[in-house]
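Asks:
Protein chains: 2
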Amino acid sequence: MKKYFVTGGAGFIGSHIVDRLIREGNKVIIYDNFSTGQERFITGAINTGKCTVIKGDLLDQELLDESVSGCEMVYHMAANADIRHGLENPYNDIEQNTIATFNLLEAMRKGDVRRIAFASSAAVLGESEQFPTPESCAIPIQTSLYGASKMACEGLISSYCEGYGFEGYAFRFVSLLGPRYPHGHVFDFVKKLKNDPSRLEVLGDGKQRKSYMHIEDCLDAIFLVANEKRTALQSKHNYQVYHLGNQEYIEVSQSARIIIAQMGLTAEIEYTGGRQGWVGDNPFVFLDVSKMQSEGWDPKNTIEDSVRETVDWINNNEWVMEGRQ
Amino acid sequence: MKKYFVTGGAGFIGSHIVDRLIREGNKVIIYDNFSTGQERFITGAINTGKCTVIKGDLLDQELLDESVSGCEMVYHMAANADIRHGLENPYNDIEQNTIATFNLLEAMRKGDVRRIAFASSAAVLGESEQFPTPESCAIPIQTSLYGASKMACEGLISSYCEGYGFEGYAFRFVSLLGPRYPHGHVFDFVKKLKNDPSRLEVLGDGKQRKSYMHIEDCLDAIFLVANEKRTALQSKHNYQVYHLGNQEYIEVSQSARIIIAQMGLTAEIEYTGGRQGWVGDNPFVFLDVSKMQSEGWDPKNTIEDSVRETVDWINNNEWVMEGRQ
């Protein structure tokens with residue numbers, strides 16, 4: 027029985043990876059500092075008896091070294107995922123993303139664990155000038171500390187592949203939707219509508235265009251290329267990057283209307299104005315996913331269905347809104 | 027009289043920047059930990075009385091905060107510049123490049139100093155597939171920890187431009203040549219020939235193609251766009267990247283022959299073989315410098331003349347070889 031290591035394993039994406047790894051007959055070590063991870067997301071996994079939970083921070087090198095040793099592969103999903111508030115404390119992104127990833131790579135090197143799948147982000151593409159944006163687009167200008175830190179992580183991983191014989195996969199996601207969705211615009215809108223069902227304030231002019239993807243489509247892609255086909259092995263640099271997203275996008279204003287309708291409301295939408303909701307909010311996110319499609323993958327869920335499912339999940343799990351902005 | 031802050035101001039590039047800033051009538055603060063910086067490089071600057079030297083490390087946040095405050099602009103030239111031995115200690119690049127740059131940006135933010143020119147590197151381009159390589163080339167795969175760290179620094183600087191209103195310039199250099207040249211292939215070859223004038227061992231097959239640039243050409247470019255024209259102000263993101271190099275390249279074997287001839291020797295060249303001298307040695311480095319040329323700049327020194335001048339400078343400054351590999 028193989029043992030996998032999932033950082034951020036109690037988080038949105040990580041906990042789904044944990045579930046799937048266990049379903050496929052593996053053992054899993056969840057490494058999570060529970061700053062945003064949720065015990066409720068991993069109760070099922072723990073109950074299978076196939077899962078060890080380590081409450082630890084990626085800045086704790088000693089614990090990390092001990093924990094990762096003996097694993098088949100690492101799914102590195104832990105991150106400070108709060109793009110919007112990055113400017114309030116720039117230490118979050120460099121510590122929890124860049125340095126955390128470096129520490130993890132060092133722990134892997136010491137423990138002779140050399141396969142890693144990494145949750146990168148479409149945010150590394152900044153304000154791209156090419157749509158849909160392929161993996162081979164021009165070197166972007168970073169517009170958020172979060173995007174800059176994710177790009178720094180990609181660079182670290184690929185140089186470990188080149189220098190130390192690692193096998194690496196970086197997945198640049200659009201925003202994900204689905205069960206266990208923990209933050210983002212659907213979350214914000216549902217919460218605002220709970221407080222005041224008559225109106226919905228939307229940051230920006232509502233014309234921001236975004237692509238979203240269902241968590242299960244995301245997992246299908248990751249498991250296909252990193253576990254089944256192991257496509258990094260076909261690359262000169264033992265490293266592969268994939269863009270993951272939907273083949274469509276949606277305006278924030280449309281998404282707002284879907285959310286209002288799914289909640290059975292008739293709220294009036296008020297826009298704060300401006301082409302961005304906040305500094306670093308990229309007005310257009312739409313990825314070219316043809317590289318991933320050429321591996322035999324296609325996203326199965328539309329954006330609209332995914333938004334509706336996410337609204338329902340939040341409404342059925344109101345505890346997730348406690349103490350959140 | 028304006029005051030400028032030069033990190034790595036006692037190093038190869040930094041000390042030349044210091045000299046030029048003083049020549050143009052400014053005051054300068056040199057911030058250097060003297061790990062590779064040389065007091066002899068700044069004796070002239072110190073003697074003008076326009077220069078303050080602070081022996082400090084960029085990891086010393088408190089000293090850095092105090093030192094940078096009140097300056098007009100920062101020239102950030104300090105780095106771990108040893109690409110070749112990066113794999114022996116991966117902490118060097120993340121600490122002395124990535125974290126050091128983050129600390130510097132934080133010091134600037136606290137001190138309200140918001141202009142920065144940064145010594146990036148052609149190494150961030152990895153093994154490019156486009157030659158000559160423009161600023162707008164495809165997102166590269168990082169092949170060295172050094173390149174990865176310089177890309178991480180670029181991302182930090184551009185996100186500080188976007189988020190905190192900084193004005194940033196990143197210059198991706200090819201390897202530089204000229205007076206005060208402290209390390210690199212000319213240095214290695216001269217040193218080997220001093221030890222044994224009859225033969226020269228060259229790492230790789232000698233067919234690696236590299237572009238080089240004279241330090242004075244590099245300085246002309248930096249001062250033109252970052253001080254005179256301040257071109258970042260024309261950019262949506264208050265940030266500009268320039269590729270700096272020569273419009274020609276040279277094979278390592280040719281360069282070896284020029285060096286042997288300039289030393290008046292007839293050494294036999296022995297190649298260790300392989301397309302790279304070491305892991306991360308990019309077999310072809312040749313930058314498209316047309317963006318910089320469109321600003322009204324042209325490199326004035328050929329590679330051959332620059333190599334010859336560098337050989338002569340090393341031979342006239344043998345002290346620089348003491349204690350170096």
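Taken in sequence, the protein lines are chains A and B. According to this note's numbering, the first sequence is numbered sequentially starting from 27. According to this note's numbering, the second sequence is numbered sequentially starting from 27. Just so it is clear, CB atoms sit at the ideal spot from N, CA and C, and this is done for glycine as well. Remember, predicted model here, so these are calculated numbers, not experimental data.
1. Output, in chain order, the set of chain B residues within a Cβ distance shorter than 8 Å of residue 325 of chain A.
2. Since residue 203 of chain B contacts residue 332 of chain B with CB under 8 Å, what's their CB separation in whole angstroms?
3. Using 7 Å as the limit for Cβ to Cβ distance, is residue 193 of chain A near chain B?
4. CA-CA distance, residue 302 of chain A and residue 347 of chain B?
5. Can you tell me which of the three DSSP states residue 351 of chain B falls into?
6. Report yes if the CB atom of residue 161 of chain A is closer than 7 Å to the CB atom of residue 263 of chain A, and no otherwise.
7. Could you compute how far the alpha carbon of residue 129 of chain B sits from the alpha carbon of residue 41 of chain B?
8. Can you tell me the Cβ-Cβ gap for residue 329 of chain B and residue 272 of chain B, rounded? I've got them flagged as a contact below 8 Å.
9. If you measure from the beta carbon of residue 165 of chain A to each beta carbon in chain B, is any gap under 7 Å?
10. Exposed or buried, what is residue 27 of chain A when buried is set at 16 or more other beta-carbons lying within 10 Å of its beta-carbon?
11. Specify the secondary structure class of residue 345 of chain B as computed by DSSP and reduced to three states.
12. Do you know whose CA, among B:212, B:197 and B:141, lies nearest residue 276 of chain B's CA?
13. Mind checking if residue 113 of chain A is an interface residue toward chain B, Cβ cutoff 7 Å exclusive?
14. Taking the alpha-carbon positions, what's the residue 304 of chain A to residue 209 of chain B distance?
15. When Cβ atoms are compared, which residues of the stretch 292-305 of chain A fall closer than 7 Å to chain B?
16. Cα separation between residue 291 of chain B and residue 224 of chain B?
17. Among A:126, A:230, A:71 and A:97, which one has its Cα closest to the Cα of residue 59 of chain A?
18. Assuming residue 289 of chain A and residue 216 of chain A are in contact, meaning their beta carbons sit under 8 Å apart, how far apart are those beta carbons, in whole angstroms?
19. So is residue 112 of chain A buried or exposed if we call it buried at 16+ other beta carbons inside 10 Å?
20. Residue 118 of chain A: buried (16+ other C-beta within 10 angstroms of its C-beta) or exposed?
21. Quick check on residue 155 of chain B - is its C-beta less than 7 Å from some C-beta in chain A?
22. Please give me, in chain order, every unbroken run of the beta strand (DSSP E) with length at least 3 that falls completely inside the stretch 71-98 of chain A.
23. Do residue 306 of chain A and residue 170 of chain A count as a contact pair if the criterion is CB distance below 7 Å?
24. When DSSP labels each residue in this structure, what does residue 153 of chain B get in the three-state scheme?
25. Which residue's Cα is closest to the Cα of residue 282 of chain A: A:219, A:239, A:207 and A:73?
26. Strictly by DSSP, which residues pair up with residue 227 of chain B?
27. Roughly how many whole angstroms lie between the Cα atoms of residue 31 of chain A and residue 47 of chain A?
28. Closer than 7 Å by beta-carbon distance: list the chain A residues that pair up with residue 61 of chain B, in chain order.
29. Report the neighbours of residue 102 of chain B on chain D: residues whose CB is nearer than 7 Å to its CB, in chain order.
30. Check the C-beta distance from residue 140 of chain B over to residue 191 of chain B and give it rounded, since I have them as a contact under 8 Å.
31. Going by DSSP, name the residue or residues bridged to residue 159 of chain A.
32. Quick check: residue 232 of chain A and residue 278 of chain A, are their CB atoms within less than 7 Å of each other?
33. Using the Cβ count rule (16 or more neighbours within 10 Å means buried), how would you classify residue 323 of chain B?
34. Looking at chain B, is there any beta carbon in it that lies within less than 7 Å of the beta carbon of residue 351 of chain A?
35. In chain order, what residues of the same chain lie with their CB nearer than 6 Å to the CB of residue 235 of chain A, ignoring the 5 residues before and after it?
36. Tell me the start and end of each unbroken alpha helix (DSSP H) in the stretch 198-246 of chain A that is at least 4 residues and wholly inside, in chain order.
Replies: In terms of the structure at hand:
1. Residues of chain B passing the Cβ test: none, with the nearest at roughly 23 Å.
2. The pair is a contact, with the Cβ atoms about 4 Å apart (cut-off 8 Å).
3. no
4. 54 Å
5. Low confidence applies here, because residue 351 of chain B scores a pLDDT of 42, under 50, leaving its location unreliable; read the following figure in that light. The answer is coil: DSSP assigns residue 351 of chain B none of H, G, I, E or B.
6. no
7. A straight-line Cα-Cα distance of about 21 Å links residue 129 of chain B and residue 41 of chain B.
8. In this structure, residue 329 of chain B and residue 272 of chain B form a Cβ contact; the two beta carbons are roughly 6 Å apart against a cut-off of 8 Å.
9. yes
10. Its Cβ having fewer than 16 others within 10 Å, residue 27 of chain A is exposed.
11. In the structure shown, the three-state DSSP call for residue 345 of chain B is helix.
12. The candidate whose alpha carbon is nearest that of residue 276 of chain B is B:212.
13. yes
14. 45 Å
15. 305
16. 8 Å
17. A:126
18. 7 Å
19. buried
20. buried
21. no
22. Secondary structure within the stretch 71-98 of chain A: the beta strand (DSSP E) runs of 3 or more consecutive residues, fully enclosed, are 77-81 (chain order).
23. Less than 7 Å separates the beta-carbon of residue 170 of chain A from that of residue 306 of chain A.
24. Coil.
25. When A:219, A:239, A:207 and A:73 are compared, the shortest CA-CA separation from residue 282 of chain A is found for A:219.
26. By DSSP's assignment, residue 227 of chain B forms a beta bridge with B:296.
27. If I take the Cα positions, the gap works out to 10 Å.
28. Result: empty, since nearest Cβ-Cβ is about 20 Å, beyond 7 Å.
29. Considering every chain present, this structure includes no chain D. Its protein chains are A and B.
30. 6 Å
31. A:313
32. yes
33. Buried is the label assigned to residue 323 of chain B, since at least 16 other Cβ atoms lie within 10 Å of its Cβ.
34. With a pLDDT of only 42 at residue 351 of chain A, under the threshold of 50, the placement of this residue in the model should not be trusted; the figure read from the coordinates follows. It does not; no Cβ of chain B falls within 7 Å.
35. If we look at residue 235 of chain A and ignore the five residues flanking it on each side, its Cβ neighbours are 275, 277 and 310.
36. 211-221
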